[in-house]
Every structure is written in structure tokens, then in C-alpha cells.
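Engineer:
Protein chains: 2
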Amino acid sequence: MVTWKNLDTVQAYDELTKVAQVNLAEVMSGASGAERVKKYSVPMAEGLSYNFAAKQVDDQVLAGLSKLAEETQLTEKFEALYNGEVINTGEKRMVLHHMTRGQLGDAVVADGVDKREFYVKQQERIADLANKVHSGEITNAAGEKFTTVVQIGIGGSDLGPRAMYLALENWAKVQGTFKMEAKFISNVDPDDASAVLNSIDVAHSLFILVSKSGTTLETLTNESFVKDALKNAGLDPAKHMIAVTSETSPLAKSDDYLEAFYMDDYIGGRYSSTSAVGGAVLSLAFGPEVFAEFLDGAAEEDKLAKNKELLKNPAMLDALIGVYERNVLGYNTTAILPYSQALSRFPAHLQQLDMESNGKSVNRFGEPVSYPTGPVIFGEPGTNGQHSFYQLLHQGTDIIPLQFVGFKNSQMANDVVIQDSTSQQKLCANVAAQIVAFACGKVDEDRNKNFEGGRPSSIIIGDQLNPKTLGALLAHYENKVMFQGFVWNVNSFDQEGVQLGKVLAKRVLAHETEGALKEFSDLLNI
Amino acid sequence: MVTWKNLDTVQAYDELTKVAQVNLAEVMSGASGAERVKKYSVPMAEGLSYNFAAKQVDDQVLAGLSKLAEETQLTEKFEALYNGEVINTGEKRMVLHHMTRGQLGDAVVADGVDKREFYVKQQERIADLANKVHSGEITNAAGEKFTTVVQIGIGGSDLGPRAMYLALENWAKVQGTFKMEAKFISNVDPDDASAVLNSIDVAHSLFILVSKSGTTLETLTNESFVKDALKNAGLDPAKHMIAVTSETSPLAKSDDYLEAFYMDDYIGGRYSSTSAVGGAVLSLAFGPEVFAEFLDGAAEEDKLAKNKELLKNPAMLDALIGVYERNVLGYNTTAILPYSQALSRFPAHLQQLDMESNGKSVNRFGEPVSYPTGPVIFGEPGTNGQHSFYQLLHQGTDIIPLQFVGFKNSQMANDVVIQDSTSQQKLCANVAAQIVAFACGKVDEDRNKNFEGGRPSSIIIGDQLNPKTLGALLAHYENKVMFQGFVWNVNSFDQEGVQLGKVLAKRVLAHETEGALKEFSDLLNI
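Heads up: the protein sequence lines correspond to chains A and B, in order. Sequential numbering of the first sequence, starting at 1, is according to our numbering. Sequential numbering of the second sequence, starting at 1, is according to our numbering.
1. Quick check on residue 381 of chain A: does DSSP put it in helix, strand or coil?
2. Mapping the DSSP letters down to three states, classify residue 460 of chain A as helix, strand or coil.
3. Looking only at C-alpha atoms, which of A:36, A:466, A:484, A:496 sits nearest to residue 317 of chain A?
4. Any C-beta of chain B sitting closer than 8 Å to the C-beta of residue 332 of chain A?
5. Which of the three DSSP states, helix, strand or coil, is assigned to residue 345 of chain B?
6. Mind checking the stretch 367-379 of chain B against chain A and listing, in chain order, the residues whose C-beta falls within less than 7 Å of any C-beta there?
7. Under the assumption that residue 210 of chain A contacts residue 277 of chain A (Cβ atoms under 8 Å), give the Cβ distance between them as a whole number of angstroms.
8. Unbroken alpha helix (DSSP H) runs of length 4 or more, entirely within the stretch 219-286 of chain A: which are they?
9. Pairing CB atoms from the stretch 507-524 of chain A with CB atoms from the stretch 36-54 of chain B, are three or more of them under 8 Å?
10. Can you list, in chain order, the residues of the stretch 389-412 of chain A whose Cβ is nearer than 7 Å to any Cβ on chain B?
11. Does DSSP classify residue 182 of chain A as helix, strand or coil?
12. Does DSSP classify residue 327 of chain A as helix, strand or coil?
13. Hey, is residue 44 of chain B's beta-carbon within less than 8 Å of any beta-carbon in chain A?
14. State yes or no: is the beta carbon of residue 231 of chain A nearer than 8 Å to at least one beta carbon in chain B?
15. Please confirm whether residue 65 of chain A and residue 310 of chain A have their CB atoms less than 8 Å apart.
16. When the cut-off is 8 Å and only beta carbons count, does residue 356 of chain A lie next to chain B?
17. Between the beta-carbon of residue 381 of chain A and the beta-carbon of residue 456 of chain A, is there less than 8 Å?
18. Is the beta carbon of residue 117 of chain A less than 8 Å from the beta carbon of residue 472 of chain A?
19. Could you spell out where the alpha helix (DSSP H) holding residue 423 of chain A opens and where it closes?
20. Assuming the contact rule is C-beta atoms closer than 8 Å, residue 374 of chain B and residue 358 of chain B should be a hit. Round their C-beta distance to whole Å, please.
21. Can you have a look at residue 1 of chain A and say buried or exposed, based on whether 16 or more other CB atoms are within 10 angstroms of its CB?
22. Please go through the same chain and pick out, in chain order, the residues whose beta-carbon is closer than 7 Å to the beta-carbon of residue 43 of chain A, but skip the five residues on each side of it.
23. Closest Cβ-Cβ distance between residue 180 of chain B and chain A: below 8 Å?
24. For residue 114 of chain A, which beta-bridge partners are listed by DSSP?
25. With a CB to CB cut of under 6 Å and the five nearest residues on each side skipped, what residues in its chain are close to residue 146 of chain B?
26. In angstroms, rounded to a whole number, what distance separates the CA positions of residue 372 of chain A and residue 459 of chain A?
27. Excluding five sequence neighbours on each side, which residues of the same chain lie with their C-beta closer than 7 Å to the C-beta of residue 593 of chain A?
28. Determine the extent of the beta strand (DSSP E) in which residue 402 of chain B is found, giving its start and end residues.
29. Taking all protein chains shown into account, do 16 or more other C-beta atoms lie within 10 angstroms of the C-beta of residue 338 of chain A, making it buried, or fewer, making it exposed?
30. Between the stretch 150-157 of chain A and the stretch 167-186 of chain A, do at least 3 Cβ pairs fall closer than 8 Å?
31. Given that residue 318 of chain B touches chain A, what residues does it touch there, using C-beta distances under 8 Å?
32. Cα-Cα, which of A:273, A:489, A:342 is closest to residue 100 of chain A?
33. Helix or strand or just coil, what does DSSP make of residue 525 of chain A?
34. Please list, in chain order, the chain A residues whose beta carbon lies closer than 9 Å to that of residue 36 of chain B.
35. Looking at residue 319 of chain A: is its Cβ nearer than 8 Å to the Cβ of residue 465 of chain A?
36. Taking the CB atoms as reference points, tell me whether residue 584 of chain B and residue 122 of chain B lie closer together than 8 Å.
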């Protein structure tokens, strides 16, 4: 049995606050810095590694974090989760997204079925559909192949799948596994759907409607846009649309869709990239084999998260360093900085994953906590960010912990040599340089050119961004967020904070408002 | 003469810290809330308005901010700036980006020319080129029209122009002023250039190389990619490229370009969207008339920034409320949340504009300041963000001030009615609902469903996003950042924080490293 307790009642946390803090600029200089880079590295799955040499930790802090992991029973809680305990206490649900890519423990039966079998069956059904679409067995009414797939979804049904698609699009083109272009419609802003519909050939497009409940207003509205466009082109919407939804939703057994694939209540939207939500669009875009590799990468990374030893569990280590930064050092924001243009929307996905999971101020029993929980997450790819907001990161008045990601090789293997180095080398040289610049700084008599240093960062390094490493990367962050939620004793799997806005928006549309809400409605001509 | 002093030596600031703080949830409820929405609104240019009813201010706080504006001589400093004083003291340069869209005060002569005339001349030269490209007077070597324009630039040469292009792309298509599709290459990651080049028809593409110094490594590297692609297609690069650079740069008078347009040292990259940096790509994409309207909108907004009365100067008011939130209330992050899909990259541009300008910890004389300066800026469009990170904004342990933007009408005027309302109405209803939800919250006995409220936001409301309102919006934020820099007594126009990384990256590429930097270089295979 695991015990859930608030962070400020944990003995190991109290001890951690008393451990001497590390002077990062000092320890990262000279031979000590070199030693740290070699020593403070943990292997991840698929050849990735997590290097935390430039984080504000040392062996003493790590020992404290290790104790904290033990006392808060992090791996035991993970075990309870993957064995099917009701970890999402607010909504009284199990949390089974790991099961989409493997089975880490016991079989879990719910709704009368083995859940691993259920998820695998959906993958097989999706693979079957994708293969038929690619081979031309399933076509439009004129017997022509579909060339484009359009995902209609918002939040977790959009950000994750979109980020994963962009991460693999160019890789797939070079590898010859690129099957269909994917587009995404998400916003209730009518210009979003209009612009996407104007940019595609609807006659050769297959649309995926993604909504677990089948009642998401944005998504149903955008479905209507799409149906109008299909009808206006003289096409039958039912021959152009598939659904990803829960088995109990109104979309599940409807003749309006070619086929429906199922998700369930045990997977939150932000954790659904490895479920049918990501599976349908990624399998159609790149082929089911590519999606399977992506799942394999995630499954391998998940296995590491079971490890009780802190230095063999990169997600748990990353999580605890983050807690140390947030609660002991008092840093309140984290930047995600991938040195890979293909990961351009990965930070936006992690922003949802992290902030929606751990942006809570009550514990899992609904009692207010008196310590900071989830930080603000933001980021853009490097080197672009260097020419943008890095000024503040280097010389601003707040310290912002950084998480870099870098790959030794590009995806497309097309490069030029300028000033004796390739672009890929320049990209890698920049991320190496940034880590050291942030950590060590540089003294200058002109204070405007002085760099204090002491700004902590970690880096995940891999050979190349491909389906397997992407899967591992995604699982790493999902597990990191989960472990942090355990430490903060919050429920990382509900999102009650989105409800009030929905309720009030409905009232505005029904013209049932008063006070400030009525005035704002009038100002906006509603 | 203006006097520059640190915020913590300003009498009015000290007084402001003693003014009673507003209970936002209380004052935004009931009749008082309705009254505030009507009262706390300031007209901007082009029919926009800045509503700050849901900010944590009242008449007393506003009186304090007004005193602060006066004592820190904000409008006088702006006057000094547009009259040509050397406000960028670090680099010993004038700050003249306002001059690209109008002349607010005296004529300013530099480098032997009247600067207003200089900027207008560049606009005319760009308009002339754009008209010739559109009419087919300037074509590729085969006599065929150019259909695509590709901007090669990074940081300010990328984020602003890209955000503005995306903001107007669909509007221009509907208005019939869309001339050429624009693409952007920025990252030194070789996959960025490769992917863009694979997505276009190079034979009908015109490339704009943008680099003030003519030495930006990323941009020169990407130029080389483009030249290779053109040569491989049997084309003459000199017939496909123009340059935007300073008159003294190596690119200025080179036969490698069809033509060169000029910027100068008095406009920082992040303030260059209204200069030739934005002018070339936007004039080619949408026609010079559209770019001229964009400048007009900015010019009209600039005029308001001259107003000494706080409640008639929306940029100054916005700036001071931001300072109050940062320095008195202690909030350290600001979210930019446009309810407009067309503004999808506008937050990324503002992130650079704000964080690179005011992410400083020394004052304009190079002395360390002992108060927080520029906040972290992040954001995504609504309603997408509602299904992502809003959970933390509503129920997280930190308070994040919010800046909404909303328009009554869509750009494309294509809409559907679902559940008795259009998508545009749903979009507007959501932003109205969010403001009130954040401010007032909602008491629930289930603490997990409880909303504390007290989370401040402002909103800029307009009829429609078009070139004029976009120009006004951009100028508003540029001037806001400028005024905040004045209050914090920092130089908002240099960026020394980007230098150290560049120096170290060069060392890595030259293999002149030791210690941690050598180890990281090895890990990344450089």
C-alpha cells in the first residue's frame, strides 16, 4: 500500500531544504566541470541520454533527492498506477496511457475487457484501415485515393498529434514512408477551419473527428464546417470521415463515419498521443509501422521509469530535479529548448502536458496545498530562441531552469559546409555553448556585458530524431510530469480548472448574463 | 532634459507600494464589475480599445501610476527618443523605428540624410520592385512570374515578419490582395532550409536575404543552402535573390542580388517589422498598399503614445499596469492570449520583443538594479489554450497576469451556426467568459472545483484583424515595452546577453575548448 502525503510533511523534503546549495558557476568550471559532464549522465531508451551536469545539484543533493523518491514512494505509486489502481481520484478513474504501448505489470480488466488487448485491437483496426487507404482499397466515391488526412480536435486531440506529425514529417519523406499529408483544425475561430479547407483538396481528403465524449463544442462545430465543405463539393461526408471517440459516445456507432476507433476514460487527452488519438492520424500519414516504432520507443522508456534507483530512472531524476528547482531553489518557470526544427511544436505539447497536469493548488484529497506546484512551461526551438528571448534567460533578473534537447544528426542529411563546419555541427556547437554560457557565465568589467552564470540546464542527447527516439522522448516527459504530481501530491489526471470558463461561455451564448459578463458580451457584440 | 533614475529611487513608486491593493474578485462582481467594464476602457487607434476593468487596479492605484508616469518622465523620454536622442546608450545609437511609419517630432538627420526620407525612400523602392514582380516586369530568367517569396532571416528578421504575414494571409486572400505565398527559413538546423526548399518551386521563387550586418551566421548558411538549390535547378541565384541589409554591409552593393534595400543601426531587429525587414516580404506577399495600411495603423497608435494623460495613452497605461503587477504585486510571468487563429505566432513575436528588450539586470548606466525587470512572456491563441495550459492559469499556485486580444468579426466571414450561435460568437463568448472566470472565480464546496479568482487580465478589442488594426496592435506593444524599459531604467534596445553563446559556439567549432565545453562537444560529436 502506498501513502499519499503533502510535500511539506515529508521528512526527506525538510532535510533537502537544509542541504548546502551548489554554486553552479564554480562546479561547472575547469576540471570539475569536465568531470561532472562525464559523471552526471543517465542512459535513456533508444540511445538517448539525460545529462544533468549543468543542473544545480551535487552528490549530496542527489542523495537527498533519492531519499525523497523513497519516502514519497514514487516507483511504488507508478506501480499502483500501471497495475490499475484508481489514481485519478477526482474523476474516479484508472490511468492507463502506458498500456497503449506495453504492459508493465498486471493485466488490467475494465468494462469487461483486458485493456491491453483493447488498445492493441484499436491499433490493429487502425493499421488495417490505414493499409486499405494507402493501397486504394478504401477510396473516395470516385474510386480515387485519399492524399490528405485532416485531424479535427482540440487540446490533447490536437497539440500532441500535431507536434508528433511535425516531428516525423521530414524524416518520413526522406525514409520513403510518407503516405499522406496531415492538416489540423482545432480552434473554434471560424478562420481556422476556413483556411485549412481552402488549402486542401477536399475530394481527396479523409477527416478524423477526435472527441472522447463526442460533445466537445469546438470539434463538433468544426465538423459541421467540414461537412458543409464536402456537401458543397457534391461529396458524401460519411465517405470522408472517421471518428476517434469512446465506445459510449454518440459518434461511436454512427453511420456518419466510415469507421470509429475507440479510446476510453482511462487516458486523458494530453496523454493520448500513443492511443487511437495519435494512432489514426500518424498511421495514415506515415504508415502503421512507423506508429508502431513510435510506441516501441515509448514502451522502452516506460520500463526505465520502474527503476527504484534514482540514477537509473531518468524521468524520476528529471522530475525530482524539477521539484528541487521549484520548491527549494524557488524558480517558477521552465523553458523547453529543442535544438531541432522538427520539434517546433513539441514545447507547446509539453506546455499542455505539464501545466494542465500539475497546475493545481489542491492535493489529491481536495485540500489546499501550501507550496508551489507545476511551473509555467514555455519554449521554442534553438537556434531561433537564441535570437529571441535568450537575452532574458542570460541576463534577466529571474533564473529560469532550462531543458535542452539535441541530436547529433539531422533528419534529412542534406547539409552545407560554411566556415569549415556543417549546419548540423553549428547547431550542436550552439547548444553545447549555451549550456556552458548559462552555467558558468563570464566576468566583464562592463557590467552590461557581464554574465552572472549560475543558470541551470539539462540536455537530452540522441543520435537522430526518429519514431523510436520521439516515442522515448514523449514517454520521458509524460513520466516526469507523473512523478512530479506524485511528489506534490496532486492529481495530475483531471482538469477541473477548464470547467468554469465553459459554463460562463454557455451563459453568454444564451444571453443569460449580468454584471461584468454582460458588459463584456456587449463590447464583443455577442 | 530628462533624468534617468532607478525605479527604487522614485518617490511615486514608493508611494504606490503603500496604496491598498484591490480585491479583484470583489470589485469585478455585481454592479461594480459592470461599472468597471464601462469605465476602465481607453480608445486606441483604428477603432481598437484597451479594457483594463479586470486588472487589479482602482482609481487610487491609477492615480499612483499617473504620478509614477510623471515622475519618471515617460512621455518626455519618448519625446527625446523620437527627436533623435541617443537612447540606446549601450550601443550609442538613436532609436528610430517609429520613423518608419511617421514623424512624431523633429526631423532627424543621421549619416548625412533625413531619416524619415530615408525610410520612405526604401518603402518606395520596395513598392516599385513589388509592383514590377506582380506585373511581370521582373521575372525569372525564363520570363515567368515569381509566385513565392522566401524570407531568409532569424530573430527579428523572422519572428515579426512571419507573425505579420500569418496575421494577414487569410484576410488578403479574401480581400483579393494576396499576391505571393511567403515562406520563411530561419534555423541553422539544416532540416529547416531543406524542408522549405522541398516544399516550393524554386524556379518561381524570389528569396529575401535579411541581415543588418550581413554577417549573421545562420542567415549566411541558409543563403548557401538556397544558392545550392537554385544552382542545382540550373538557375542563376543572382536573378532570384534580393537583400535587406545596412548600406555598409557586404551585401549592400553586391552583384549577387537583384536589388538591396536598406535598414540601419537605429532600428533593432525586434523593432524592424515596419522597416524594410517586414516591408519587402509583406509588400511582395500582399502588395505595397497593404503594407502602407499596416504602417498607417502603427503611426496612428504611435501618436497616442505621446499623450501625457495616462488614461489617454493606452501603451503607457498597459506598461504601468505591467510594472505594478511585476514590482508591487510580485507576478513574474505574463501570458498573451489572442482569440484569433491568425495571430498564432504573434505571442512568439511579443516574446522576443519584450524579453529581449527588458530582460536586463543592469540599468542604462551599466549598474546592477535591485528590482525585477522584464517578465517571461508566453502565449497561444484561444480557444486552443483553454484546452491546454489554462488549467494552471485558473487553479495553479502562481498568479499569471493575462493579456487577451479579441475581434468582433472574423477575417474570412465564412461561418456556421451550431446550437444557435456562430463560431465567431462562440469565440467571443469564450474570451468574455474567461475574463470573468479569472477575475471572479467561483466558490465550490468541492475544493477541487473551487476557483479562487483574483487573476487579472486586460483585453484589446477590435472590429476585425486587418492591416490597420494589426499595425496599431504592433505599435501598442512596441511602445508598451519601451515605456516599461523607461520605468525600469534599462536600455531596451541592446542585447548583450546573446553574445557569450556566440563566442563559445565559435570556440567549439574551432575545437578550442576545454573542461565542460569540450566534454559536451564530444557528446554531441562536434
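For glycine and all other residues, C-beta sits at the position ideal for the given N, C-alpha and C.
Structural biologist: So, from the data block:
1. Position 381 of the first sequence, counting from 1, holds the residue named residue 381 of chain A. Reduced to three states, the DSSP call for residue 381 of chain A is coil.
2. One-based indexing of the first sequence puts residue 460 of chain A at position 460. Three-state DSSP puts residue 460 of chain A in a strand.
3. Numbered from its first residue, the first sequence carries residue 317 of chain A at position 317. Selected option, being the one with the closest Cα: A:484.
4. The residue given as residue 332 of chain A occupies position 332 in the first sequence. Yes, contact with chain B.
5. The residue given as residue 345 of chain B occupies position 345 in the second sequence. Note: residue 345 of chain B maps to coil in three-state DSSP.
6. 367, 368, 372, 373, 374, 376, 378
7. Residue mapping note: residue 210 of chain A aligns to position 210 of the first sequence, counting from 1. Residue mapping note: residue 277 of chain A aligns to position 277 of the first sequence, counting from 1. Indeed, because the Cβ distance is near 6 Å, the residues count as touching under 8 Å.
8. 276-286
9. yes
10. 389, 390, 391, 392, 394, 395, 396, 397, 398, 400, 406, 408, 410, 411, 412
11. Numbered from its first residue, the first sequence carries residue 182 of chain A at position 182. Three-state result, residue 182 of chain A: strand.
12. Working through the first sequence from its first residue, we reach residue 327 of chain A at position 327. Helix.
13. Taking the first residue of the second sequence as 1, we reach residue 44 of chain B at position 44. So, not an interface residue.
14. As a first step, residue 231 of chain A must be located in the first sequence, where it is residue number 231. It does not: the Cβ of residue 231 of chain A has no partner Cβ on chain B nearer than 8 Å.
15. Stepping through the first sequence from its first residue, residue 65 of chain A is reached at position 65. Stepping through the first sequence from its first residue, residue 310 of chain A is reached at position 310. Yes, the pair counts as a contact, with Cβ atoms nearer than the cut-off.
16. Here the question's residue 356 of chain A lines up with position 356 in the first sequence. At least one chain B Cβ lies under 8 Å of residue 356 of chain A.
17. Reading the first sequence from its first residue, position 381 is the one you call residue 381 of chain A. Reading the first sequence from its first residue, position 456 is the one you call residue 456 of chain A. Not in contact: residue 381 of chain A and residue 456 of chain A (Cβ atoms no closer than 8 Å).
18. If you number the first sequence from 1, residue 117 of chain A lands on position 117. If you number the first sequence from 1, residue 472 of chain A lands on position 472. The answer is no: Cβ separation not under 8 Å.
19. Against the first sequence, residue 423 of chain A aligns to sequence position 423. Residue 423 of chain A -> alpha helix (DSSP H) spans 423-440.
20. Walking along the second sequence from the start, residue 374 of chain B turns up at place 374. Walking along the second sequence from the start, residue 358 of chain B turns up at place 358. Contact holds; Cβ gap of about 3 Å.
21. Translated into the one-based positions of the first sequence, residue 1 of chain A becomes position 1. Its Cβ having fewer than 16 others within 10 Å, residue 1 of chain A is exposed.
22. One-based indexing of the first sequence puts residue 43 of chain A at position 43. Excluding positions up to five away in sequence, the list reads 49.
23. If you number the second sequence from 1, residue 180 of chain B lands on position 180. Chain A, which has no Cβ nearer than 8 Å to the Cβ of residue 180 of chain B, makes this no.
24. Position 114 of the first sequence, counted from the start, is the residue given in the question as residue 114 of chain A. Per DSSP, A:109.
25. Locating residue 146 of chain B in the second sequence gives position 146, where the first residue counts as 1. 133, 204, 206, listed in sequence order.
26. Stepping through the first sequence from its first residue, residue 372 of chain A is reached at position 372. Stepping through the first sequence from its first residue, residue 459 of chain A is reached at position 459. In a straight line, the C-alpha of residue 372 of chain A is about 24 Å away from that of residue 459 of chain A.
27. No answer is possible for residue 593 of chain A: it lies beyond the span of chain A, which begins at 1 and ends at 526.
28. Within the second sequence, the letter at position 402 stands for residue 402 of chain B. Here the beta strand (DSSP E) through residue 402 of chain B covers 402-407.
29. Here the question's residue 338 of chain A lines up with position 338 in the first sequence. Counting Cβ neighbours within 10 Å, residue 338 of chain A comes out buried, since at least 16 surround it.
30. yes
31. On the second sequence, position 318 is the one that residue 318 of chain B refers to. Within 8 Å Cβ-Cβ: nothing; residue 318 of chain B doesn't reach chain A, min ~17 Å.
32. Position 100 of the first sequence holds residue 100 of chain A. Looking at the Cα atoms, A:273 is the closest of the given residues.
33. As a working note, residue 525 of chain A is residue 525 in the first sequence. In this structure, residue 525 of chain A counts as coil in the three-state DSSP scheme.
34. As a working mapping, residue 36 of chain B is identified with position 36 in the second sequence. The answer, in chain order, is 516, 519.
35. Residue 319 of chain A sits at position 319 when you count from the first residue of the first sequence. Residue 465 of chain A sits at position 465 when you count from the first residue of the first sequence. No, the pair does not count as a contact, with Cβ atoms beyond the cut-off.
36. Chain B is shown only over 1 to 526; residue 584 of chain B falls outside these bounds and no answer can be derived.
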